[in-house]
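Heads up, the thing below is written out as structure tokens.
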Amino acid sequence: MKLKNKRFLVIGGAGFIGSHTVEYLIKNDVKEVIVFDNFFRGKKENLMSSLNSKKVKVLEHGGDILQNDILENSLMGIDGVFHFAALWLLQCHEYPESAFKTNVEGTFNVINSCRKKKIKKIVFSSSASVYGDALEEPMPETHPFNSKNFYGSTKIAGEAMLNAFHYRYNQNYVGLRYMNVYGPRQDYSGAYVAVIMKMLDSIDKNEYVTIFGSGKESFDFVSVKDCARANILAMESEIKQGFYNIGTGKKTSLIKLANTLYNILGKKKKIRFKKNTNSTLVKNRIGCIKKAAHDLKYVSKFDLEKGLKELILWRENHKKKNEEK
Ligand SMILES: NC(=O)c1ccc[n+]([C@@H]2O[C@H](COP(=O)([O-])OP(=O)(O)OC[C@H]3O[C@@H](n4cnc5c(N)ncnc54)[C@H](O)[C@@H]3O)[C@@H](O)[C@H]2O)c1
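Residue numbers (the working numbering): 86 to 410.
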């Protein structure tokens, strides 16, 4: 779909990946971008620079994907929908019922409302979590779904529903399976923070960085900016239906990650290893990005070390600002 003069609804647009996507969207000659978010985890401050643009609005009447009437109403005159709203991995682990409500029922509501309002395309945030541990490296999109956790299972359900709506009602969609996303605006203080933020926190406090496992566990760390661009490419593409890995195609072990963070910060290394007893944590996950490169013209543009420096700088400034408040 050509983006020119089109109107987009960004569900979960005040969150981490969503807010970066809004920023990329308004660099294009789109007509309007409406953010639909219940601010459960999203923040207005994530949209600060975007809200300087007259093209961007935050939905006035709230925005919860469990409120069908408000959801359907917000889709009036919309051309394309980006769907980011979800509960995160560890939260789904602790609260499976809420995970089902938001990630499965909520996603059904989004797709069904889009179908009713004849939305041209949905770009859905899936996850590499659908795969579980990698049986081959890098994992192609045909890799089996070996997820063993609730989060992964909700994403599998979301993907399956999109497929069913496509074949039953011709609802077009692209689903993006992001690898491990990092970058500015990533949550670093809540109950559910990702591995890079946990490591930075320990380094800040001069505590040991704890690696659960041997340190050889490897992941594909991808910049949030690559993910945001991938969303735009997915909406722009002529693809009517499909799932794509979004990562860098490169693997980084946890020990290398910890060492890189220590080197950037110039601090003395304190790393310890503990047995991994957490069933939500996979050991290996690197995505093959050939299909996304071919169909969506996606390439990863951000080098990990450069990206980590940017993240560290943002985190330090953000912490300082919060302390001054
Ligand atoms: N961050 C990652 O590493 C990663 C990796 C793979 C997939 N994903 C997926 O990408 C998407 C975006 O992730 P993120 O890291 O930006 O998460 P995030 O939590 O920062 O953003 C999600 C947004 O959805 C909103 N939201 C939650 N429940 C809602 C509801 N019921 N109605 C309306 N809005 C609601 C939140 O307030 C938040 O702003 C999610 O679907 C996530 O599962 C993220």
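C-beta atoms are modelled at their ideal positions from N, C-alpha and C, and glycine is treated no differently.
Checklist entry - Is the Cβ-Cβ distance between Ile-324 and Val-195 less than 8 Å? => result Reading the sequence shown from its first residue, position 239 is the one you call residue 324. Reading the sequence shown from its first residue, position 110 is the one you call residue 195. Contact: no.
Next on the checklist: I'd like to check one pair, Ala-99 with Lys-139: are the Cβ atoms closer than 8 Å?
Outcome noted: Within the sequence shown, residue 139 is the residue found at index 54, counting from 1. Within the sequence shown, residue 99 is the residue found at index 14, counting from 1. Not in contact: Lys-139 and Ala-99 (Cβ atoms no closer than 8 Å).
Item to check | Environment of Ser-159 [buried if 16+ CB atoms lie within 10 Å] | outcome: Here the question's residue 159 lines up with position 74 in the sequence shown. So Ser-159 counts as buried.
Item to check | contact_flag[the segment 235-242, the segment 133-147] where n(CB pairs < 8 Å) is 3 or more | outcome: no
Item to check | Three or more C-beta pairs below 8 Å linking the segment 336-356 and the segment 118-125 | outcome: no
Checklist entry - Measuring from the CB of Thr-337, is there a heavy atom of ligand 1 at a distance below 7 Å? => result For the purposes of this step, residue 337 is taken as the residue at position 252 of the sequence shown. The answer is no for Thr-337.
Next on the checklist: For Met-246 and Asn-291, I'd like the C-alpha separation in whole angstroms.
Outcome noted: In the sequence shown, counting from the first residue as 1, residue 246 sits at position 161. In the sequence shown, counting from the first residue as 1, residue 291 sits at position 206. If you take the alpha carbons of Met-246 and Asn-291, they lie about 46 Å apart.
Checklist entry - In its own chain, which residues sit with a C-beta less than 6 Å from the C-beta of Ser-287, not counting the 5 before and 5 after it? => result As a position in the sequence shown, residue 287 is number 202, starting the count at 1. The residues are Val-294.
Item to check | His-105 classed as buried or exposed, judged by whether at least 16 other C-beta atoms fall within 10 angstroms | outcome: For this step, residue 105 is matched to residue 20 along the sequence shown. The residue is buried, with at least 16 neighbouring Cβ atoms inside 10 Å.
Checklist entry - Would the C-beta of Asp-380 count as close to ligand 2, meaning under 7 Å from any of its heavy atoms? => result This structure lacks ligand 2; the ligands present are ligand 1.
Next on the checklist: Quick check: is any heavy atom of ligand 1 less than 7 Å from the C-beta of Asn-265?
Outcome noted: Locating residue 265 in the sequence shown gives position 180, where the first residue counts as 1. Asn-265: yes, Cβ under 7 Å from ligand 1.
Checklist entry - If we call anything under 8 Å between Cβ atoms a contact, is Asp-114 one with Leu-88? => result Counting from one through the sequence shown, the residue named residue 114 turns up at place 29. Counting from one through the sequence shown, the residue named residue 88 turns up at place 3. For Asp-114 and Leu-88, yes; Cβs fall inside 8 Å.
Checklist entry - Alpha carbon to alpha carbon, how far is Lys-410 from Glu-226? => result Counted from its first residue, the sequence shown places residue 410 at position 325. Counted from its first residue, the sequence shown places residue 226 at position 141. Their backbone Cα atoms lie some 46 Å apart in a straight line.
Checklist entry - Leaving out the 5 sequence neighbours to the left and right, which residues in its chain are closer than 6 Å to Met-282 when beta-carbon positions are compared? => result Position 197 of the sequence shown, counted from the first residue, corresponds to residue 282. So the qualifying residues of the chain are Tyr-273.
Checklist entry - Any idea which residues DSSP pairs Lys-353 with across the strands? => result Here residue 353 corresponds to residue number 268 of the sequence shown, with the count starting at 1. Paired residues: none, contrary to the question.
Checklist entry - From this set, Met-86, Lys-360, Val-278, Tyr-109, which residue's C-alpha is nearest Cys-312's C-alpha? => result Here residue 312 is taken as the residue at index 227 of the sequence shown, counted from 1. Residue Tyr-109 is the option with its Cα nearest to Cys-312.
Checklist entry - For His-146, does the count of other Cβ atoms within 10 angstroms reach 16, so buried, or fall short, so exposed? => result As a first step, residue 146 is located in the sequence shown; it is residue number 61 there, counting from the start. Looking at its Cβ environment, which holds fewer than 16 other Cβ atoms inside 10 Å, His-146 is exposed.
Item to check | Straight-line gap, His-178 to Val-384 (C-alpha atoms, nearest Å) | outcome: Working through the sequence shown from its first residue, we reach residue 178 at position 93. Working through the sequence shown from its first residue, we reach residue 384 at position 299. The alpha-carbon atoms of His-178 and Val-384 are separated by roughly 32 Å.
Checklist entry - alpha helix (DSSP H) containing Lys-142: first to last residue? => result Position 57 of the sequence shown, counted from the first residue, corresponds to residue 142. Unbroken run through Lys-142 is the beta strand (DSSP E), 141-143; no alpha helix (DSSP H).
Next on the checklist: Taking the alpha carbon of Asn-123 as the reference point, which residue from Phe-169, Lys-205, Arg-270 has its own alpha carbon closest?
Outcome noted: For the purposes of this step, residue 123 is identified with residue 38 of the sequence shown, where counting begins at 1. Checked all of Phe-169, Lys-205, Arg-270; the closest Cα to Asn-123 is Phe-169.
Checklist entry - Are the beta-carbon atoms of Asp-164 and Lys-368 separated by less than 8 Å? => result As a first step, residue 164 is located in the sequence shown; it is residue number 79 there, counting from the start. As a first step, residue 368 is located in the sequence shown; it is residue number 283 there, counting from the start. No; because the gap between Cβ atoms is not below 8 Å, this pair is not in contact.
Checklist entry - By the 10 Å Cβ neighbour count, where 16 or more other Cβ atoms means buried, how is Met-224 classified, buried or exposed? => result Position 139 of the sequence shown, counted from the start, is the residue given in the question as residue 224. It is buried - the Cβ of Met-224 has at least 16 other Cβ atoms within 10 Å.
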